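Working notes, beginning with the structure itself.
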Amino acid sequence: MSGPHDALPKAEPEAFALSPGDTYQQILDRDSREVPEVLRWRSARELPVVRVPIERYVSQEFHDLEMEKVWGRVWQMACREEVVAGPGDYAVYEIGDTSIVVVRGEDHQIRAFHNVCLHRGRRLKDGNGRSDELRCPFHGWSWKLDGSPKPVPCHWDFPHAKREDFHLPELKVGTWEGWVFVNPDPECIPFEQHLGELPRHFEAWPLADRYTEAHVAHLFPCNWKVAQEAFMEAYHVIATHPHLLPSLGDCNSQYDAWDTFSRAVTPQMVPSPHLDHAPTEQEIMDSFLLQTIDAPPKMPVPEGMTARQLFAQMMRMNLQASVASVQRVSDAELNDSIYYTLFPNFHPWGGYSKINYRFRPYENDPNRCVMEVFLLSPFRGSRPAPASLRWLDVGEPWTNAPELGTLANVFDQDTFNIPNIQRGLRAAAHEHVTLARYQETKIRHFHTLLEKYVNA
Ligand code: FES
Ligand SMILES: [Fe+2]
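In terms of our numbering, the sequence shown has 298 at position 291, counting the first letter as 1, and numbering is strictly consecutive.
This is the structure in structure tokens:
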């Protein structure tokens with residue numbers, strides 16, 4: 008199942024052919040504040056994958072392999088810690104046919120169990136909730152929150168079932184920045200090894216200190232990788248979101264890949280090098296705010312100020328109540344899209360964007376998937392309750408989730424492509440998708456790791 012590799016010459020990132028216009032590092036040099044070191048870090052990694060077999064997106068055989076060799080073995084984000092905040096709180100996480108219940112015990116420890124009754128196999132729990140035991144609704148077999156069995160009804164009828172054999176099968180659990188991860192493989196690598204250097208990248212932006220302001224899931228008629236890869240590069244902006252070009256340095260983006268994670272940084276509030284004229288600072292602001300041409304500007308940019316500085320200033324004011332050191336935060340962290348991908352499917356964002364994504368197959372189907380958006384916000388004082396999940400069905404507009412604000416309009420443009428990519432791939436007479444050397448670095452990195460897993 009390994010994909011064909013075209014060897015690329017070894018090169019430092021700077022030696023790659025890059026777009027005309029500023030590099031992201033040059034944009035950072037003009038920041039009104041000192042930028043954090045993490046935005047200066049670069050990777051110098053040679054990635055072998057430049058094209059991907061189309062069968063990876065459409066074939067049941069590859070999907071089955073992925074289920075066994077990737078999802079059966081990898082650390083994967085199951086839920087936010089805040090949804091299992093107290094003893095008895097549980098959250099069900101599903102991947103393919105596997106169902107897992109994450110639960111906080113009386114001892115405050117978070118555990119994860121296969122969400123299946125050991126009597127005749129009914130699922131134990133659905134969704135999220137709170138319960139002082141894990142009780143099967145069929146015949147009432149029950150387990151304590153630590154997975155140990157309680158006495159079964161009519162225990163005289165089970166002389167052949169030894170109590171010690173009926174502990175719920177447990178999975179390994181890891182937590183990082185308020186996210187709970189699980190791994191179905193008892194022989195898996197330690198969680199810290201899977202995270203690698205990622206925690207160092209997020210020292211400046213502790214996501215554990217934020218709460219879930221919105222959580223929206225959208226069902227799509229496509230392979231999970233098709234949806235995920237639509238959110239891993241800024242190369243599509245010129246065709247998919249052309250109205251954003253005055254305010255988005257799409258091809259000034261910087262792309263890097265480390266061991267298990269990758270990163271793209273796309274500057275906002277700087278014009279795209281694709282434009283053949285320089286927009287005014289007001290046009291930059293209006294484009295960012297999705298302003299129509301005949302409406303008065305929503306946020307007038309004062310003389311002598313840039314849209315990038317003004318937006319950063321507005322963000323500092325908005326965050327003043329919840330982020331103590333916000334006056335020292337750079338324009339870059341307040342404006343730019345800093346989007347990480349931890350293999351295989353988790354996308355936390357750096358800086359002060361609220362966005363985080365997760366993508367996964369839906370119901371063990373290579374042609375359907377779920378994309379979830381978690382908006383995380385800083386807060387002061389006691390932690391607000393996390394938002395409950397809103398589900399959007401195939402074809403439903405993201406604007407049905409008003410909690411996403413103007414992001415919903417941008418997601419709708421991306422969603423317009425997604426079903427058509429899957430239909431196109433299923434209809435394709437050619438064998439591979441071909442990836443850009445630099446701007447599709449994150450996708451190339453993902454497939455490099457995917458091959459490593461499926462070939463292991
Ligand atoms: S299937 Fe769960 S108690 Fe019977
Ligand atoms: Fe997009």
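Even glycine gets a Cβ: it sits at the ideal position worked out from N, Cα and C.
These figures come from a predicted structure and were not determined experimentally.
Task: Through-space distance from residue 41 to residue 73, alpha-carbon basis - done: 43 Å
Task: the region 206 to 219 contacting the region 430 to 442, beta-carbon criterion three pairs below 8 Å - done: no
Task: Same chain, Cβ closer than 8 Å to residue 38, neighbours up to 5 away in sequence not counted - done: 337, 338, 339
Open item on the list: Short of 7 Å in beta carbon distance, which residues of its chain neighbour residue 363, apart from the five on each side in sequence? Order them along the chain.
Closed with: 354, 355, 356, 381, 383
- [ ] Using only alpha-carbon positions, find the residue among 60, 257, 341, 31 that is nearest to residue 49.
- [x] 31
TODO: Tell me whether the beta-carbon of residue 385 lies closer than 8 Å to the beta-carbon of residue 172.
DONE: no
TODO: Going by DSSP, name the residue or residues bridged to residue 181.
DONE: 188
Open item on the list: With three or more beta-carbon pairs closer than 8 Å as the criterion, would you say the region 271 to 291 touches the region 240 to 255?
Closed with: yes
Task: Cβ neighbour criterion (16 or more within 10 Å) applied to residue 317 - done: buried
Task: Residue interval of the alpha helix (DSSP H) (run including residue 284) - done: It is not in any alpha helix (DSSP H) - residue 284 carries neither H nor E in the DSSP assignment.
- [ ] Using 7 Å as the cut-off, classify the Cβ of residue 147 as near or not near the heavy atoms of ligand 1, replying yes or no.
- [x] yes
TODO: Alpha carbon to alpha carbon, how far is residue 88 from residue 477? Give it in angstroms, no decimals.
DONE: No answer is possible for residue 477: it lies beyond the span of the chain, which begins at 8 and ends at 463.
- [ ] Check whether the Cβ of residue 5 sits closer than 7 Å to any heavy atom of ligand 2, and report yes or no.
- [x] For the chain, the structure presents residues 8 to 463; residue 5 sits outside this window and is missing.
- [ ] Check whether the region 369 to 378 touches the region 387 to 395, taking contact to mean three or more Cβ pairs, one atom from each stretch, closer than 8 Å.
- [x] no
TODO: Report all residues from its chain with a CB closer than 8 Å to the CB of residue 61; omit the five preceding and five following residues, and keep chain order.
DONE: 432, 435, 437, 438, 439, 440
- [ ] For ligand 2, list every residue whose C-beta falls under 7 Å from any of its heavy atoms, going in chain order.
- [x] 237, 238, 243, 244, 247, 248, 417, 420, 421
Open item on the list: Taking the straight line between their C-alpha atoms, what separation do you get for residue 537 and residue 158?
Closed with: Because the chain spans 8 through 463 in this model, residue 537 falls outside it and cannot be assessed.
TODO: Pull up the distance between the alpha-carbon of residue 279 and that of residue 259, whole angstroms please.
DONE: 8 Å
Task: Residue from 34, 429, 29, 293 whose Cα sits closest to the Cα of residue 6 - done: Given a span of 8 to 463 for the chain in the structure shown, any question on residue 6 remains unanswerable.
TODO: Give a yes or no on contact between the region 64 to 71 and the region 143 to 161, applying the rule of three or more CB pairs nearer than 8 Å.
DONE: no
Task: Assumed close pair residue 103, residue 368 - CB separation to whole angstroms, cut-off 8 Å - done: 6 Å
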